[in-house]
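Numbering (the numbering used here), first residue to last: 27 to 321.
Beneath this line is the structure, given in structure tokens, with notes to follow.
This is the structure we're talking about:
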């Protein structure tokens with residue numbers, strides 16, 4: 027079990043908690059007749075999270091950390107549950123955007139990777155298309171979101187970047203008021219993803235010189251990478267204080283790398299909670315509608 031004692035890893039974890047809290051803290055649209063949401067909000071929070079070292083690992087990062095909070099609701103740039111997003115074209119039934127993702131670094135203390143180089147943090151960026159499967163309202167939102175992302179490994183100590191490959195994702199998500207008792211808000215999403223050979227090699231390859239009797243050499247191929255199901259809920263417990271909860275199940279069964287000796291579990295459970303205080307907000311209202319994004 028890793029508790030994230032390294033400063034770079036803790037910094038990356040704090041940013042991840044901030045991204046989760048940004049969504050939990052703003053997982054809402056302004057109801058009809060209500061005052062519009064502010065263009066931006068700043069704050070701070072305290073969060074706890076459990077994350078696998080990588081999909082298929084039987085070891086987890088566990089963190090309890092303070093984090094910064096930022097929500098921005100501009101026409102071309104938005105920061106929310108989907109992370110930092112650039113909005114290129116927006117229509118009533120679809121939106122083109124730039125999506126981001128990533129993963130935390132993995133140190134040498136991972137047992138499956140004993141004697142292998144550590145994994146740097148990964149940063150993902152690329153275009154996405156969000157298609158609304160029914161007209162959007164403040165009470166109901168159903169969408170599909172295909173995305174393609176380039177992946178870089180980032181040495182947080184240097185810093186240095188290295189291209190590792192690309193991955194594709196398809197997510198279907200829903201948000202609705204009234205599914206849980208007020209004042210809670212909730213949403214759910216499910217999706218599949220895949221990657222090229224370079225992306226899967228980064229996490230699951232075992233070179234000949236790294237092989238052991240219990241860890242044979244392995245070289246994955248491109249293809250299907252797994253399935254996920256995610257859920258979140260949030261509520262305001264004071265005018266500027268929000269509690270957010272998040273859970274996600276990831277399944278590696280059937281993935282092209284499933285037989286890698288570095289895959290110790292086919293099912294991973296991620297979860298987190300964050301308490302966020304929004305202490306500063308703009309007087310200017312958001313010009314673009316604040317839309318629900320996937321968990």
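Quick reminder that beta carbons are idealized off the backbone N, C-alpha and C, glycines included.
The beta strand (DSSP E) enclosing residue i, as first and last residue numbers
i           : result
residue 396 : Nothing can be reported for residue 396: it is not among the residues displayed for the chain, which extend from 27 to 321.
residue 211 : 211 to 221
residue 198 : 186 to 202
residue 168 : 166 to 181
residue 149 : 147 to 158
residue 262 : 249 to 264
residue 82  : Careful: residue 82 lies outside any beta strand (DSSP E) and carries neither H nor E.
Assumed close pair residue i, residue j - CB separation to whole angstroms, cut-off 8 angstroms
i           : j           : result
residue 139 : residue 288 : 6 angstroms
residue 219 : residue 195 : 4 angstroms
residue 18  : residue 75  : Nothing about residue 18 can be read from this structure; the chain reaches only from 27 to 321.
residue 294 : residue 81  : 6 angstroms
residue 3   : residue 303 : Outside the displayed span of the chain (27 to 321) sits residue 3, for which this structure offers no information.
residue 68  : residue 96  : 6 angstroms
residue 120 : residue 157 : 5 angstroms
Host alpha helix (DSSP H) of residue i (start-end)
i         : result
residue 3 : The structure shown does not extend to residue 3, since the chain is modelled only from 27 through 321, so no value can be given for it.
Bridge partners - residue i, DSSP secondary structure assignment
i           : result
residue 294 : 276
residue 64  : 311
residue 116 : 121
residue 301 : 72 and 269
residue 206 : Residue 206 pairs with nothing; no bridge assigned.
residue 129 : 148
residue 162 : In the DSSP output, where bridge partners are listed per residue, residue 162 has none listed.
residue 239 : Per DSSP, none; premise fails for residue 239.
residue 232 : 244
residue 77  : 87
Any chain B beta carbon closer than 8 angstroms to residue i
i          : result
residue 75 : Note that chain B does not occur in the displayed structure, where there is just one protein chain.
heavy atom of the ligand PLP below 7 angstroms from residue i C-beta
i           : result
residue 132 : The ligand PLP is not part of the structure shown, which contains no ligands of any sort.
Counting beta carbon pairs with one atom in the region 232 to 239 and one in the region 206 to 218, are three or more of them shorter than 8 angstroms?
Per the Cβ contact rule, the region 206 to 218 is not in contact with the region 232 to 239 (fewer than 3 Cβ pairs under 8 angstroms).
Does the region 122 to 134 come close enough to the region 143 to 150 to have 3 or more Cβ pairs within less than 8 angstroms?
yes
Can you confirm whether the region 185 to 202 touches the region 167 to 177 when touching is taken to mean that 3 or more C-beta pairs between the two stretches lie within less than 8 angstroms?
yes
Report yes or no: do three or more beta-carbon pairs, one from the region 278 to 295 and one from the region 256 to 266, lie closer than 8 angstroms?
Using a Cβ-Cβ distance cut-off of 8 angstroms, the region 278 to 295 and the region 256 to 266 are not in contact, since fewer than three pairs of beta carbons, one from each stretch, lie closer than that value.
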